[in-house]
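Heads up, the thing below is written out as structure tokens.
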Amino acid sequence: MLDPRLYREEVDKIRHGLERRGAKVDLDAMVNMDIEKRKINLRLDQLKSERNTATENIAKLKRSGQDAQADIEKTRTLGDEIKAQQERFDDLEGRFKAMALLVPNLPHPSVPDGRSSADNKVVKEWGQKPAAAAKPKHHLDVGKDLGLFDFERGAKITGSGFPIHTGLGARLERAMLNFFLDFHVANHGFTEISPPFVVNRASMIGTGQLPKFAEDMYHCAEDDLYLIPTAEVPVTNMHGNEVLDAASLPLSYAAYSACFRREAGSWGKDTRGFLRLHQFNKVEMVMFSEPAKSYEAHEYLRACAETLLQKLGLHYRVLELCTGDLGFGAAKCYDLEVFAPAEERWLEVSSVSNFEEFQARRANIRAKIDGKMQFIHTLNGSGLATPRVLVALLESHQTADGGLRIPEVLQPYMGGVTEIKPKKK
RNA sequence: GGAGAUGUGGCAGAGUGGUCUAUUGCGUCUGAUUCGAAAUCAGAAGUCCGUGAAAGCGGUCCGGGGGUUCGACUCCCUCCAUCUCCGCCA
Numbered sequence: 006m007l008d009p010r011l012y013r014e015e016v017d018k019i020r021h022g023l024e025r026r027g028a029k030v031d032l033d034a035m036v037n038m039d040i041e042k043r044k045i046n047l048r049l050d051q052l053k054s055e056r057n058t059a060t061e062n063i064a065k066l067k068r069s070g071q072d073a074q075a076d077i078e079k080t081r082t083l084g085d086e087i088k089a090q091q092e093r094f095d096d097l098e099g100r101f102k103a104m105a106l107l108v109p110n111l112p113h114p115s116v117p118d119g120r121s122s123a124d125n126k127v128v129k130e131w132g133q134k135p136a137a138a139a140k141p142k143h144h145l146d147v148g149k150d151l152g153l154f155d156f157e158r159g160a161k162i163t164g165s166g167f168p169i170h171t172g173l174g175a176r177l178e179r180a181m182l183n184f185f186l187d188f189h190v191a192n193h194g195f196t197e198i199s200p201p202f203v204v205n206r207a208s209m210i211g212t213g214q215l216p217k218f219a220e221d222m223y224h225c226a227e228d229d230l231y232l233i234p235t236a237e238v239p240v241t242n243m244h245g246n247e248v249l250d251a252a253s254l255p256l257s258y259a260a261y262s263a264c265f266r267r268e269a270g271s272w273g274k275d276t277r278g279f280l281r282l283h284q285f286n287k288v289e290m291v292m293f294s295e296p297a298k299s300y301e302a303h304e305y306l307r308a309c310a311e312t313l314l315q316k317l318g319l320h321y322r323v324l325e326l327c328t329g330d331l332g333f334g335a336a337k338c339y340d341l342e343v344f345a346p347a348e349e350r351w352l353e354v355s356s357v358s359n360f361e362e363f364q365a366r367r368a369n370i371r372a373k374i375d376g377k378m379q380f381i382h383t384l385n386g387s388g389l390a391t392p393r394v395l396v397a398l399l400e401s402h403q404t405a406d407g408g409l410r411i412p413e414v415l416q417p418y419m420g421g422v423t424e425i426k427p428k429k430k
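Residue numbering for the first sequence is 6 to 430, as defined by this note's numbering.
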């Protein structure tokens with residue numbers, strides 16, 4: 006949510022930011038509602054002030070045993086008008102707020118202009134593509150040959166997009182998650198969190214999934230609870246309605262969770278294999294920063310995610326998203342993409358975003374900094390999501406005899422297994 | 001799932017329809033005293049909205065929401081959370 010002050014003091018700033026994003030919002034309607042709302046509020050305050058004076062007077066008269074009928078009549082009339090004005094106010098406020106929840110964040114000035122993912126800027130590339138002569142097997146074939154996962158049975162028990170990891174495949178994924186978490190805790194100063202995978206509506210609004218993206222979420226209607234699309238939701242909302250101790254900032258958390266996404270708008274896109282799933286596993290990094298230092302924290306988060314890819318020996322690149330490709334709540338965002346040599350394409354494995362105050366306003370997360378109560382900045386980034394990392398791993402670390410080399414950092418988590426060998430025929 | 005109890009400021013804890021501008025204690029901050037500190041004394045302090053250049057002024061907030069009333073911390077309804085007991089269960 007944007008600072009409501011902007012709607013009356015810096016409308017042009019909003020307009021400009023939304024234009025850069027290519028977002029469509031009826032800004033004029035909102036500005037007019039805000040003006041009207043304040044007019045009513047002023048009138049309400051006057052009426053309430055009058056009523057307070059009158060009821061005080063009634064109390065005084067009654068105590069001294071005098072007749073207070075005239076003042077009681079007056080407050081009765083005032084009460085009726087207050088009620089009427091209050092209804093108008095609540096109605097306007099409700100409609101304004103509903104609209105405000107659908108307004109995306111404004112991009113940071115440093116974000117490059119652009120309309121789509123084609124305009125994103127590559128800011129870094131690490132590692133190298135394999136030599137053209139080497140023709141790696143497709144990850145689905147590797148998995149099949151080595152017995153690492155089972156899509157058919159996943160589809161049988163649940164549906165497509167819910168794969169089963171089997172045997173060493175299951176262990177490999179678990180190894181990655183454990184490695185990610187342990188590494189963040191030991192080297193990056195994160196506190197590990199094991200959050201609920203199901204959250205209430207308020208939490209989903211807090212981080213910005215609702216109301217705009219309701220159709221992408223799994224919803225348990227009976228209890229009005231949502232399956233989380235990312236650990237960002239529970240971990241960020243963990244501090245909802247809190248005043249954080251300024252001295253404790255920045256707070257840094259790393260959390261594993263399963264992630265659930267209906268992918269309602271993406272049907273037919275990347276439906277084969279691991280590229281787009283309804284359920285997957287991810288370690289998410291979340292930071293709460295004082296406003297002045299959030300961009301420092303943003304770079305730090307990005308570095309944390311990059312380190313993991315380097316340790317896994319995967320060729321990757323960093324994109325700075327353009328204004329048109331920026332997520333709803335982000336002011337600035339980096340995407341990390343790994344290269345999958347058989348797919349011959351880049352796969353997004355991490356999105357590192359600075360939300361500035363956007364989520365903190367929605368979730369009401371503040372801190373008193375330099376004597377002033379203010380909304381803090383929230384940031385998060387995947388560190389990392391396993392499916393596409395697994396794809397890159399399967400296609401990048403193949404051995405000559407059709408096996409899979411396990412990156413050194415994962416070996417301790419694999420019981421010392423250094424290579425997964427093909428099944429004997 | 002059933003029965004009961006509780007929810008008040010940073011914390012503890014009073015307040016059962018109008019002198020509540022929320023008693024009191026602890027903690028916090030400022031000042032006095034002191035070479036400095038402790039102790040002591042005096043004072044201050046919250047949130048949010050509006051208005052204003054500012055000082056200030058008005059409003060709001062006693063778990064959330066709604067209701068009764070001229071007036072609600074106080075009465076009623078509802079939801080949520082916590083605690084105790086019972087039942088069921090990984």
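For every residue, glycine included, the Cβ atom is placed at its ideal position computed from N, Cα and C.
Quick one: using the 10 Å Cβ neighbour count with 16 as the cut-off for buried, is residue i buried or exposed?
i      : result
GLN364 : buried
LEU107 : exposed
THR328 : buried
ARG266 : buried
GLY278 : buried
GLN71  : exposed
VAL248 : exposed
SER294 : buried
SER253 : exposed
MET378 : exposed
ASP33  : exposed
ALA347 : buried
SER401 : buried
PRO471 : The structure shown does not extend to residue 471, since the chain is modelled only from 6 to 430, so the question has no answer here.
Which class does residue i belong to by DSSP, given the choice of helix, strand or coil?
i      : result
GLY174 : helix
MET292 : strand
GLY420 : coil
CYS338 : strand
CYS309 : helix
SER257 : strand
LEU409 : strand
ASN385 : strand
GLN284 : strand
SER401 : helix
ASN62  : helix
LEU324 : strand
GLU301 : helix
ARG371 : strand
TYR223 : coil
ARG10  : coil
GLU130 : strand
GLU353 : strand
ILE210 : helix
Give the single residue among the options whose Cα lies nearest to the Cα of residue i.
i      : options                           : result
GLY159 : HIS170, LEU151 and ILE381         : HIS170
GLY119 : GLY334, GLY22 and LYS67           : GLY22
PRO201 : ASN192, ASP221, THR235 and ARG56  : THR235
SER358 : GLU349, GLU348 and LYS337         : LYS337
PHE185 : SER262, ALA139 and ALA252         : SER262
LEU324 : SER121, ASN125, ARG93 and THR60   : ASN125
ASP340 : ALA310, ARG367 and PRO346         : ALA310
VAL238 : GLY213, LEU280, LEU173 and CYS225 : GLY213
PHE218 : THR58, PHE333 and MET290          : PHE333
LEU11  : ALA28, ASP39, ILE162 and ILE425   : ASP39
PRO114 : ALA269, ILE19 and ASP229          : ILE19
GLU15  : LEU177, LEU111, ALA226 and ASP228 : LEU111
ASP5   : ASN369, PRO392, ALA390 and CYS225 : Any property of residue 5 remains undetermined from this structure, which presents the chain solely from 6 to 430.
Would you check if the distance between the CB atom of residue i and the CB atom of residue j is smaller than 7 Å?
i      : j      : result
ALA335 : VAL288 : no
LEU47  : GLN90  : no
HIS283 : GLY407 : no
VAL147 : LEU399 : yes
LEU415 : ALA180 : yes
ASP76  : ASN62  : yes
ALA64  : THR80  : no
PHE344 : GLU362 : no
LEU319 : ALA405 : no
VAL203 : LEU230 : yes
ASN286 : THR423 : no
Touching or not, the region 351-359 and the region 243-257, by the rule of three or more beta carbon pairs under 8 Å?
-> no
Would you call the region 292-302 and the region 86-100 touching, i.e. three or more CB-CB distances under 8 Å?
-> no
Contact the region 128-135 vs the region 371-390: 3+ CB pairs below 8 Å = no
Does the pairing of the region 180-196 with the region 209-223 give three or more beta-carbon distances under 8 Å?
-> no
Is the region 367-378 close to the region 141-154, with three or more CB pairs under 8 Å?
-> no
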